[in-house]
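Colleague: First the structure, then my questions, so here it is.
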Amino acid sequence: MDLCEAKLELKQLLSRVKSGDLSRLLQWVRESDDLDELLSDNRRKILQNISEDLRGSLPQSAMLPSESTALSKMQQSSNPTVHVDSFLYDEDEVDSLCDEGSLSRSYCLSCGSTRTAPLDFLSHSFSIPELHFLFESVLPDLSGRVLVDVGSRLGAVLYGGYVFSSASRLVGLEISEEFVKLQENIVQKYTMTDRIQVLHSDVRLQNVLLQNADVLVLNNVFEYFLPLEEQIGAWSFIMENFRKKGSLLVTVPCLQESLDTLQMPLPPRWVEELPLDYDVYLGKDTDPDALRQIHLYRVL
Numbered sequence: 000m001d002l003c004e005a006k007l008e009l010k011q012l013l014s015r016v017k018s019g020d021l022s023r024l025l026q027w028v029r030e031s032d033d034l035d036e037l038l039s040d041n042r043r044k045i046l047q048n049i050s051e052d053l054r055g056s057l058p059q060s061a062m063l064p065s066e067s068t069a070l071s072k073m074q075q076s077s078n079p080t081v082h083v084d085s086f087l088y089d090e091d092e093v094d095s096l097c098d099e100g101s102l103s104r105s106y107c108l109s110c111g112s113t114r115t116a117p118l119d120f121l122s123h124s125f126s127i128p129e130l131h132f133l134f135e136s137v138l139p140d141l142s143g144r145v146l147v148d149v150g151s152r153l154g155a156v157l158y159g160g161y162v163f164s165s166a167s168r169l170v171g172l173e174i175s176e177e178f179v180k181l182q183e184n185i186v187q188k189y190t191m192t193d194r195i196q197v198l199h200s201d202v203r204l205q206n207v208l209l210q211n212a213d214v215l216v217l218n219n220v221f222e223y224f225l226p227l228e229e230q231i232g233a234w235s236f237i238m239e240n241f242r243k244k245g246s247l248l249v250t251v252p253c254l255q256e257s258l259d260t261l262q263m264p265l266p267p268r269w270v271e272e273l274p275l276d277y278d279v280y281l282g283k284d285t286d287p288d289a290l291r292q293i294h295l296y297r298v299l
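Residues in the sequence shown are numbered consecutively from 0, following numbering that gives the first Met the number 0.
Here is the structure:
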């Protein structure tokens, strides 16, 4: 049964439900855990296993002492911000950490007071539902194509691309040697070496790779990790070298927001934004607001 046939059959089924029960049935579909088994996916289980392995190798913050620039910028934020990596911790796991006192969702506005305000949570990785959305709803079939993830960090995009897509080559660029080793250990353990490669390199040294890439992923990649002048240089390098017609660019946040922060103009006739359908159900742990932060562009 294809999608059109399934839609027709579902409409016919709903038309036979008593009018008084229809709204309750639809509410059950939206909120019940009973349907989660239908959405169970072995590919997700592989990613969950990888996530568990990585949690055992990292501090709870998933931030390393060497990331002094990122830590400093988070501390300087107008609202207190903590890093909670979405690939490592889903909402249920965050709730568990809060319940046991390892993490808090709020901070005190005045020491010793009951006045509190919510903390801002920041993630430098896609969650598993976001990876599912990226490779099955955002990007087309990647058979024979090369995907490059700039600032691959834990490698979430690479692992997601391996299990959810047929990309022929998935390349991670990471300037932290510690994170490169972490990714290489996972790639070896899960026998993903046939399609995944992690390079210990700055993107600004990879002009040939960018010129040949079919998909480029930039997820919160420069703002927290590079001084302002270097961010401008990195974006300029990308705009000069990622030029192959029809190539796809995935960004979080949108290009305009990133460039406006740097007071950089978007080059004319470089890319066009493509519309995305964010109204997809990928399980109860999907955050619709997080999906809407993902933007897709095509090089002109």
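All residues carry an ideal CB built from backbone N, CA and C; glycine is no exception.
Predicted, not measured: the structure shown is a model, and the values here were computed from it.
What residues are listed by DSSP as bridge partners for L25?
Modeller: Counted from its first residue, the sequence shown places residue 25 at position 26. Partner(s): none; L25 has no beta bridge.
Colleague: So L273 and R297 are supposed to be a Cβ contact under 8 Å. How far apart are they, rounded?
Modeller: Here residue 273 refers to the residue found at position 274 of the sequence shown. Here residue 297 refers to the residue found at position 298 of the sequence shown. Their Cβ separation, rounded to whole angstroms, is 6 Å, which keeps L273 and R297 in contact under 8 Å.
Colleague: Just tell me which of L265, S56, V156, V149 has its CA closest to the CA of F224.
Modeller: Here residue 224 refers to the residue found at position 225 when the sequence shown is read from its first residue. Nearest option by C-alpha distance: V149.
Colleague: The beta strand (DSSP E) with E229 in it runs from where to where?
Modeller: By one-based count along the sequence shown, residue 229 stands at place 230. Not the beta strand (DSSP E): E229 falls in the alpha helix (DSSP H), residues 227-240.
Colleague: Residue range of the beta strand (DSSP E) that V179 falls in?
Modeller: Locating residue 179 in the sequence shown gives position 180, where the first residue counts as 1. Careful: V179 lies outside any beta strand (DSSP E), inside the alpha helix (DSSP H) at 176-188.
Colleague: Going straight from the alpha carbon of N184 to that of L25, what length do you get?
Modeller: Here residue 184 is taken as the residue at index 185 of the sequence shown, counted from 1. Here residue 25 is taken as the residue at index 26 of the sequence shown, counted from 1. When rounded, the distance between both Cα atoms is 45 Å.
Colleague: Can you say whether W234 is buried or exposed, counting buried as having 16 or more other CB atoms within 10 angstroms of its CB?
Modeller: The residue given as residue 234 occupies position 235 in the sequence shown. W234 comes out buried.
Colleague: Please list, in chain order, all residues of the same chain as L281 whose beta carbon is under 7 Å from its beta carbon, the five residues on each side excluded.
Modeller: Taking the first residue of the sequence shown as position 1, residue 281 is located at position 282. Correct list, in chain order: P128, H131, F132.
Colleague: Which term fits V170, buried or exposed, when burial requires 16 or more other beta carbons within 10 angstroms of its beta carbon?
Modeller: Taking the first residue of the sequence shown as 1, we reach residue 170 at position 171. Buried, since its Cβ has 16 or more Cβ neighbours within 10 Å.
Colleague: Indicate the three-state DSSP secondary structure (helix, strand or coil) for H294 in the structure shown.
Modeller: Here the question's residue 294 lines up with position 295 in the sequence shown. H294: strand per DSSP, three-state reduction.
Colleague: Who are R168's beta bridge partners in DSSP?
Modeller: Within the sequence shown, numbered from 1, the residue matching residue 168 stands at position 169. BP columns for R168 point to V145.
Colleague: Within the chosen definition, does the segment 156-175 reach the segment 234-243 through at least 3 CB pairs nearer than 8 Å?
Modeller: Cβ pair count under 8 Å is below three, so no.
Colleague: If you follow the alpha helix (DSSP H) that Q210 is in, where does it begin and where does it stop?
Modeller: Counted from its first residue, the sequence shown places residue 210 at position 211. Counting along the chain, the alpha helix (DSSP H) containing Q210 begins and ends at 206-211.
Colleague: Cβ of D276 within 8 Å of Cβ of S136?
Modeller: Your numbering for residue 276 matches position 277 in the sequence shown. Your numbering for residue 136 matches position 137 in the sequence shown. Going by C-beta atoms, D276 is nearer than 8 Å to S136.
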